[in-house]
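In the working numbering, the protein residues as written are 3 to 642.
Cβ atoms here follow ideal geometry from the backbone N, Cα and C, with glycine treated the same way.
Worksheet: the structure to be examined is printed underneath.
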């Protein structure tokens, strides 16, 4: 069911000016619509705060702050804000409309990107954030959903709804604002928001572009927050073997858990990014990544959230002792005992965590251990173990592998390794029970078919039938491929790809047609000439005043260039030249009268007759002075 049909704002004119045509996206704080400014007749994006939040002065103030902040930036890679206002319960921002998609759409369709594409997206994002940082603002909610990629290839940063001043580093009482997968540790611990939090988020986004997956994932937002605080972002090459060290180093620098170790702002990170790019060869930049697995819970952490500072964070599971507790802790949560990390560990917090964990084991855990001993055990962690290793670990734990071992294709697990268990790891089961294993058969591969000349609908169906996914469609002229049929694929035909991979299609627009210039021709002749060229003509509803005669073509769109056969050229018809007041020249000399009439935009014709052969004074004029006549028309003067 299409829930947009239930949206009360669709078709509504907001604030007497903005006609809402379609819903683009829904976020945690606002909904974004495509709208038309009826005063200026232009398409724009309208961001409307949820009415439930409009009564909260804090959120309204944040909306207004966004409008003022972005208006100050005026950067080509920042989505512009035109207007801000309110209409009853609806508080809105009128923003630049970008026809295209988000980086999230690209990652969802294509998975991991080539390093060159990832850097081509990252650099304009950092340029936009760098302008914000140098202007004194922090975005605080950088994520792929807020990176817009226009149909023309331009990259823009959107949604400065959480923007705040760089020098405002006071704690956010009671809440953390942002999207959990991209929050820097200091945001989680004490709400600090300096330019370094945007740098951290950009590092996470770069990791996601290079691997197709988020670095930290879990079943709940609390688990993800815990990992941001206590685990380094892994090198991208661990997920995509073969990625250059320069990219690992760039991600590590941007996502250091200690904010003091990161580049101090987006400008500094942009410099590091360009340095990393210069160190890569063309082959490294254009290396095609394998299909990356999506290990994050779908949609669980993609929205901007308002997270209470008291959150449920799970203490880690100790495989030897079998301790697993969930404690309600005030952020920052105590971390488990862990070796010191070079990228931001906190020794004091670690010592506190050791004390907390020991108290839990000795106090709360004692009775549970006594009841469980000799009767129950926990399923050991077996993921990524070979089948033989998994069975040995089960034997060591007093369990055994079940008879229902299944084998499935997997893009994320190596052939022969365990990809799932039933029951799951850490589940409590009786000694001697069976654990069923699911073992990876490795990625299922498919050859890309030769689709040249195939109608696009048939090509999409063929790809799906082979286990591939139709990807992005671009269109190009072709002399030898019929309009609407496939010219080529990316990757090329015959290339082997994992099942489910997206295959981009280039579709023919047909043979190119040179657009003839029909301005100045009659409407009928212009339409006939365009049809003869293989194009369609559309007559604009409004006529305009022009130097062309009434009924002739005043202008056309496009004026020149090339179109596909059957494309449309819009013709605007002339209402004729503008009417101009005729000056009174009677009594003037011939030269003065001629100069004045020509200066007003008229042609001059002299009527001397027999009596005026030797005269030099204007006695009469064909249109009286003060009357109107078409500009460019001829005024006859009588000379005596």
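Item to check | Spatial distance of residue 263 from residue 88 (CA atoms) | outcome: 43 Å
Checklist entry - Who are the Cβ neighbours of residue 542 in its own chain at under 8 Å, not counting the five residues just before and after it? => result 572, 573, 574, 575
Item to check | When 266, 195, 187, 246 are compared against residue 233, the one with the closest alpha-carbon | outcome: 187
Item to check | Start-to-end residues for the beta strand (DSSP E) that takes in residue 127 | outcome: Per DSSP, residue 127 belongs to no beta strand (DSSP E); it is in the alpha helix (DSSP H), 117 to 137.
Item to check | Continuous alpha helix (DSSP H) stretch holding residue 249: start and end | outcome: 247 to 256
Item to check | Through-space distance from residue 532 to residue 459, alpha-carbon basis | outcome: 30 Å
Checklist entry - Going straight from the alpha carbon of residue 365 to that of residue 395, what length do you get? => result Unreliable positioning characterises residue 365 in this predicted model, as indicated by a pLDDT of 36, which lies under 50. A coordinate reading is not provided.
Checklist entry - Cα-Cα, which of 204, 200, 290 is closest to residue 498? => result 290
Next on the checklist: If you follow the alpha helix (DSSP H) that residue 276 is in, where does it begin and where does it stop?
Outcome noted: 268 to 280
Checklist entry - Under three-state DSSP, which class holds residue 148? => result helix
Checklist entry - Identify the residues that DSSP records as bridge partners of residue 401: which are they? => result DSSP output for residue 401 lists no bridge partner at all.
Next on the checklist: Going by DSSP in three states, residue 577 sits in which element: helix, strand or coil?
Outcome noted: coil
Item to check | From 438, 388, 153, residue whose alpha carbon lies closest to that of residue 381 | outcome: 438
Next on the checklist: Which residue wins for smallest C-alpha separation from residue 392, given the options 43, 92, 424, 414?
Outcome noted: 424
Next on the checklist: What would DSSP say about residue 615, mapped onto helix, strand or coil?
Outcome noted: coil
Checklist entry - Any idea what DSSP makes of residue 506, helix, strand or coil? => result strand
Checklist entry - residue 92 bridges to which residues according to DSSP? => result 89
Checklist entry - Would residue 270 be called buried (16 or more neighbouring beta carbons within 10 Å of its own) or exposed? => result buried
Next on the checklist: With distance defined between alpha-carbon atoms, name the residue in 607, 102, 639 nearest to residue 622.
Outcome noted: 639
Checklist entry - Are residue 55 and residue 20 touching if we call contact CB-CB under 7 Å? => result no
Item to check | Closest by C-alpha distance to residue 259, when choosing among 245, 288, 141, 200 | outcome: 200
Next on the checklist: Please report the distance separating the alpha-carbon of residue 72 from that of residue 91.
Outcome noted: 23 Å
Checklist entry - Can you round the beta-carbon distance between residue 620 and residue 641 to whole angstroms, since I take them to be within the 8 Å contact cut? => result 6 Å
Checklist entry - Which residues in the same chain have their Cβ closer than 6 Å to the Cβ of residue 11, if we skip the five residues on either side of it in sequence? => result 22
Checklist entry - What are the complete beta strand (DSSP E) segments, minimum 3 residues, inside the region 440 to 527? => result 447 to 449, 471 to 478, 488 to 492, 498 to 500, 504 to 510, 514 to 516
Checklist entry - At a cut of 8 Å, does the region 274 to 291 reach the region 138 to 157 through at least three beta carbon pairs? => result no
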